[in-house]
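Respectively, the protein sequence lines represent chains A and B. The letter at position 201 of the first sequence is residue 201 when you use the numbering used here, and the numbering goes up by one with no holes. The letter at position 199 of the second sequence is residue 464 when you use the numbering used here, and the numbering goes up by one with no holes. Below: the structure, in structure tokens.
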Amino acid sequence: MKPGTGNSLKKAALMIIAIILLQNPLISLPPSSFIVKPENFSADLLNRKQITYTITYKDRDFTLPATANQKIISVSRNNNSTVTEIISGEIHLRYSGDLKQHLTNTPLLRTDDALIKKKAMEFKNLSDPVNAVSRFVYNHIKNKTTGIPLIPAPLIMKNRTGDCTEHAVLAAAIYREAGIPARGVTGMILADEFMGEKNIFVYHMWLEVYYNGRWHLVDPTRPDYTNYSRYIAFAYHDLKTEVPLSFLNAISALKGLKVSIKSVK
Amino acid sequence: MKKLGLIILTTLLLISCKSNPQSIPEGAWTYDLIVNGIKAGTAFVIIDETDDLYITKNEMSLKMGTMENTTLQIVTETKDFKPVKLETYNTIKDSASGISQKVSRIALFEGNSIKLASDGYETVINMESPFILDGNFFFKELMKSGFKKGTRIEAQIYEPSVEMDSTILVIVDVAGREKVKIGSEELYLIHVKQRVEQLKIVDMYLNDEGVMEKAVIKMLNNVFELVRVQ
């Protein structure tokens with residue numbers, strides 16, 4: 001046996017795809033590992049209902065998704081980059097697809113677990129279960145900390161520790177078990193202050209929940225927050241695996257990312 | 266001028282003497298994980314071989330503040346690359362709260378059928394087409410080609426951290442030899458690119474024995490590197 005010979009080629013590849021991505025660096029590393037300072041920012045832009053952003057990145061094939069709060073206005077490509085103009089704000093997304101896939105159990109959500117089932121029952125007959133679940137999750141996760149990879153919802157329920165990903169996974173599990181379609185979204189949020197920096201975009205995960213015939217943005221880390229113009233979505237996350245292809249596609253494509261604020265409403 | 270000629274000749278001789286990996290060996294390797302230029306973790310790779318199987322263990326530890334995540338993955342495949350078992354064990358420890366969490370996922374393979382179990386969640390998935398694990402298949406195929414520049418190997422992989430109920434296309438391209446600076450040393454290494462579907466994911470740099478000296482992955486505005494610890 002001779003250490004340091006050929007097989008490390010494949011194993012190294014395995015490590016990166018299956019281990020680094022499994023640990024999901026963008027999720028398990030602190031959000032400070034991904035921050036973007038917006039260009040053209042001014043204080044009067046805060047708390048606006050809609051903001052138009054110009055987003056530039058070095059990939060010619062990738063397109064940002066239209067979501068419950070995000071409308072794609074234009075996409076232009078040159079040799080080196082893609083420039084996308086979006087409106088972010090209260091744009092609730094109509095949907096004609098099959099909602100069943102957004103109610104299913106997954107290894108991450110574990111909606112069949114007794115703890116999740118019991119908790120979901122409490123919300124089934126409420127007049128506003130969407131807000132109630134979001135508020136419950138926010139209050140239940142006492143230890144707000146970063147650095148945890150995506151873990152199953154029952155573990156989050158027990159340990160009451162986590163950041164945006166744990167809030168999103170636990171809330172999605174309860175929503176789905178309560179019969180409310182929910183899906184994950186990854187992207188970034190314009191934070192007032194983060195790690196000493198003011199008005200910067202930070203990596204983030206939230207949910208879309210389906211009610212009244214449309215998808216609505218729900219952020220269980222900010223249950224009372226309604227400023228949806230501060231969210232920019234990169235990709236949907238199917239909540240089945242740590243790094244679904246849609247998510248991998250986005251984080252691989254969005255290199256050299258720049259965000260400029262174009263106008264507000 | 267004579268001196269310059271000698272340098273060029275010596276360089277050419279050195280380049281022409283470069284050999285390529287010849288066999289799938291067993292061994293153990295250690296790497297530093299560097300995120301945006303700062304060491305963030307460590308990775309270990311151990312490869313064992315029995316009469317019938319390759320068994321590969323990869324472990325990575327990532328420490329951020331009070332949180333420490335350790336992921337161990339064990340790939341078991343036959344010598345002709347048929348999937349046998351894929352195990353993943355994740356341990357998360359928070360030194361501040363004292364909380365320790367363990368998550369596991371085990372996939373057992375029988376032909377195109379996969380029995381997937383994850384902490385009480387169980388499902389059986391039947392794939393329509395054959396697939397392999399991310400094991401030794403690519404290395405064997407690259408060896409056959411002599412790591413020739415322009416070689417492309419493609420295969421359908423089962424990797425449940427990416428897709429649970431479908432396979433993913435993994436493509437490996439040999440980009441040729443390049444000078445790469447690692448620490449204060451400049452090495453002449455084989456550049457191999459690995460993609461998932463059409464996404465460029467990893468740039469790997471291998472020495473003459475096929476040992477990966479460095480790997481680079483770029484995601485969003487971050488650069489993740491694995492650098493071999495000598």
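Heads up, the beta-carbon is just placed ideally off N, CA and C, and yes, glycines get one too.
Own chain partners of residue i with C-beta closer than 7 Å, once the 5 adjacent residues on each side are dropped
i              : result
G415 (chain B) : V439
N301 (chain B) : N487, V488
F247 (chain A) : T186, A235, H237
V368 (chain B) : N355, D384
L126 (chain A) : A132
K117 (chain A) : E177
P395 (chain B) : N377
P154 (chain A) : R110, D113, L115, I116
P244 (chain A) : H237, D238
K49 (chain A)  : G89, E90, S229, K265
Residue i versus residue j: straight-line alpha-carbon distance, rounded
i              : j              : result
S260 (chain A) : F62 (chain A)  : 18 Å
V83 (chain A)  : I55 (chain A)  : 6 Å
N199 (chain A) : N40 (chain A)  : 11 Å
K479 (chain B) : E342 (chain B) : 26 Å
L491 (chain B) : M477 (chain B) : 9 Å
I436 (chain B) : I379 (chain B) : 23 Å
A308 (chain B) : M469 (chain B) : 15 Å
P149 (chain A) : M484 (chain B) : 16 Å
L46 (chain A)  : M188 (chain A) : 16 Å
D317 (chain B) : F374 (chain B) : 16 Å
L64 (chain A)  : A250 (chain A) : 8 Å
E197 (chain A) : V310 (chain B) : 38 Å
T241 (chain A) : P425 (chain B) : 7 Å
M325 (chain B) : R493 (chain B) : 13 Å
R160 (chain A) : I141 (chain A) : 4 Å
K265 (chain A) : F404 (chain B) : 56 Å
I91 (chain A)  : H204 (chain A) : 19 Å
E451 (chain B) : K255 (chain A) : 27 Å
L97 (chain A)  : T321 (chain B) : A quick correction: the sequence has Gly, not Leu, at residue 97 (chain A). Distance between the alpha carbons of G97 (chain A) and T321 (chain B) is about 42 Å.
M392 (chain B) : I433 (chain B) : 12 Å
E462 (chain B) : Y225 (chain A) : 37 Å
V340 (chain B) : M329 (chain B) : 27 Å
Q495 (chain B) : V202 (chain A) : 36 Å
G475 (chain B) : D59 (chain A)  : 31 Å
Residue i, buried or exposed, once every other Cβ within 10 Å from all chains shown has been counted against 16
i              : result
I16 (chain A)  : Because the pLDDT of I16 (chain A) is 46, which lies under 50, any placement of that residue in the model is unreliable, and the number read from its coordinates should be weighed accordingly. Its Cβ being crowded by 16 or more others within 10 Å, I16 (chain A) is buried.
E177 (chain A) : buried
I73 (chain A)  : exposed
M195 (chain A) : exposed
P129 (chain A) : buried
Q311 (chain A) : No answer is possible for residue 311 (chain A): it lies beyond the span of chain A, which begins at 1 and ends at 265.
T104 (chain A) : exposed
S252 (chain A) : buried
R230 (chain A) : buried
T165 (chain A) : buried
L22 (chain A)  : Residue placement at L22 (chain A) is poorly supported in this model, since its pLDDT is 49, which falls under 50; the coordinates still yield a value, given next. Buried: at least 16 other Cβ atoms inside 10 Å.
Contact set for residue i: own chain, Cβ-Cβ below 6 Å, skip 5 residues either direction
i              : result
R370 (chain B) : T353, S383
N334 (chain B) : L327, I357
E406 (chain B) : I418
S263 (chain A) : T52
D163 (chain A) : T146
T336 (chain B) : M325, N355
T514 (chain B) : Because chain B is modelled from 266 through 495, residue 514 (chain B) falls outside the range shown and cannot be assessed.
S76 (chain A)  : V83
Q338 (chain B) : N323, T353
V467 (chain B) : Q459, A480, I482
D430 (chain B) : I390
K258 (chain A) : T56
Assumed close pair residue i, residue j - CB separation to whole angstroms, cut-off 8 Å
i              : j              : result
A361 (chain B) : T331 (chain B) : 4 Å
I455 (chain B) : A420 (chain B) : About 20 Å; that fails the 8 Å criterion.
V137 (chain A) : H167 (chain A) : 5 Å
Y319 (chain B) : G376 (chain B) : About 19 Å; that fails the 8 Å criterion.
Y211 (chain A) : L99 (chain A)  : No, Y211 (chain A) and L99 (chain A) are not in contact; Cβ-Cβ is about 11 Å, not under 8 Å.
S42 (chain A)  : Y228 (chain A) : Not really, about 20 Å apart at Cβ, beyond 8 Å.
T67 (chain A)  : A233 (chain A) : 4 Å
K350 (chain B) : A372 (chain B) : 7 Å
Beta carbon proximity, residue i to chain E, threshold 8 Å
i              : result
V461 (chain B) : The chain inventory of the structure shown lacks chain E, comprising the protein chains A and B.
Residues sharing a beta bridge with residue i, DSSP
i              : result
N212 (chain A) : In the DSSP output, where bridge partners are listed per residue, N212 (chain A) has none listed.
F489 (chain B) : B:V300, B:I482
V451 (chain B) : Looking at the sequence shown, residue 451 (chain B) is not Val but Glu. DSSP output for E451 (chain B) lists B:K446 as bridge partner(s).
Y470 (chain B) : B:H456, B:K479
P348 (chain B) : B:E342
S365 (chain B) : B:K358
Q70 (chain A)  : A:T67, A:S88
Y53 (chain A)  : A:I86, A:I261
Residues of its chain near residue i, where Cβ-Cβ distance is below 8 Å and the 5 sequence neighbours each way are ignored
i              : result
L207 (chain A) : A168, A171, A172, Y175, A182, R183, G184, V185, L217, V218, D219, P220
L365 (chain B) : In the sequence on display, residue 365 (chain B) carries Ser and not Leu. So the qualifying residues of the chain are T356, I357, K358, D359.
Closer than 7 Å: residue i CB and nearest the ligand GTP heavy atom
i             : result
Q70 (chain A) : Judged by which ligands are present, the structure shown has none, so any question about the ligand GTP falls away.
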